[in-house]
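Position one of the sequence shown corresponds to residue 2 (my numbering), numbered consecutively onward. C-beta atoms are modelled at their ideal positions from N, C-alpha and C, and glycine is treated no differently. In this text the structure is predicted, and so the values were computed from the model without any measurement.
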Amino acid sequence: MYLNRFSDSTGALDLATGPEFESLRSSAHDLGITHPESVRFVSANTVLRHQRFHFLHWGEADAAPVLILHGGNQSAHSWDLVSLNLCGEWSVYALDQRGHGDSEWSRGAHYDVPELMRDAEAFIRTTIGRPCIMIGHSMGGLVASELALHAPELVRQLVVVDIGPEVNDEGRKLIREFVGRNVEFDDMNEFLDRVMKYDPYRSREHIERTLKYNLIRRADGKYVPKADRRRFHTNASVPSIPDLETMRSIRCKVLVVRGATSTVLLRDAAERFANVLPAGEFVEVPDCGHNVAQQNTPGFLAVLRAFLTRADDNA
2 MYLNRFSDST GALDLATGPE FESLRSSAHD LGITHPESVR FVSANTVLRH
52 QRFHFLHWGE ADAAPVLILH GGNQSAHSWD LVSLNLCGEW SVYALDQRGH
102 GDSEWSRGAH YDVPELMRDA EAFIRTTIGR PCIMIGHSMG GLVASELALH
152 APELVRQLVV VDIGPEVNDE GRKLIREFVG RNVEFDDMNE FLDRVMKYDP
202 YRSREHIERT LKYNLIRRAD GKYVPKADRR RFHTNASVPS IPDLETMRSI
252 RCKVLVVRGA TSTVLLRDAA ERFANVLPAG EFVEVPDCGH NVAQQNTPGF
302 LAVLRAFLTR ADDNA
């Protein structure tokens, strides 16, 4: 049983009404995140490369497009607060990548970064239809970086969040262990308690609001993650990462964002990444770890908006 509303067709389902949206607005108010009074926010599906993909679209289609790619074991809804803030000025697309959120699982368990990159490329070419600003976190940051290398004409600016060519294995191991321990639960509060211990930066209310988008209730009543666990039995669970010299070929403006206490992307590695890019910048967001945009949303929005303004001014 699904715990959240989403479109069951290629038609758009309005999500800017009802309890889920009011809960989001309440979270935004608590965090001091501004947003338009009237919001266009829809859920829809598309078929790309013989698979069904679910995505969220915020704002008007004729505004400058932004494509957000979430991290592993997360979903498009992980970025709701960021999207809510941006949608008054940009046309924001948040894609549930294959095997995540409300998108279809890969029949052959193909979850390597080049495969996900081809999904994102197809989505931009067929659904968005023009070059866009790309924001990618962790796994999504690798996918976005690959796309900037493979199809630079599609990426206007790139924001890479807490990932890079040099990743701390110990930090990645901690994430894998947390995901591996949390396979099924008798009730939501059990999982909520575990997430609270793992993520001390977010309030219980904020975490509780977002859990429904990452879990599904099985026929036996247990709650299980939506993400396809076969990722952990393939090389996709330890994604290949282009090296620093390869990243040097990215020509668009790039912002490398690190959470100040991240154990995944260490500061010296983040600085080396930004420095090797022809148009790279590095910024560190305080009071957050790996999940920067969720753990300190106002801080992330501040550095994101500053970068986008500079990029436009210097275009």
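Check                                                                                                   : Outcome
Pairwise C-alpha distance: D63 and F283                                                                 : 30 Å
Where A1 falls: helix, strand or coil (DSSP)                                                            : In this structure the chain extends from 2 to 316, so residue 1 is not present and cannot be described.
Buried versus exposed call for R108 [16 or more other C-beta atoms within 10 Å across all chains shown] : exposed
For R232 and S238, the rounded distance between their alpha carbons                                     : In this prediction, S238 scores a pLDDT of 48, lower than 50, which makes its location untrustworthy; no coordinate-derived value is stated.
Supposed close pair A271, V255 - CB separation, criterion 8 Å                                           : Wrong, their Cβ atoms sit about 12 Å apart, outside the cutoff.
Residues that V160 bridges to, as DSSP identifies them                                                  : I136 and L256
Short Cβ contact (8 Å threshold) for P166 with L245                                                     : yes
Rounded separation between R26 and A312 - CA only                                                       : 29 Å
Within 8 Å, strictly: CB atoms of F186 and L212                                                         : no
Between the CA atoms of S139 and E23 - distance to the nearest angstrom                                 : 29 Å
Buried versus exposed call for A317 [16 or more other C-beta atoms within 10 Å across all chains shown] : Summary: the structure shown does not reach residue 317, with the chain confined to residues 2 through 316, and so no result is reported for it.
Extent of the continuous beta strand (DSSP E) run through E105                                          : Careful: E105 lies outside any beta strand (DSSP E) and carries neither H nor E.
Those residues which DSSP pairs with Q52 across a bridge                                                : L49
Secondary structure of A275, DSSP reduced to three states                                               : helix
Inter-residue spacing [alpha-carbon to alpha-carbon] between A220 and M118                              : 34 Å
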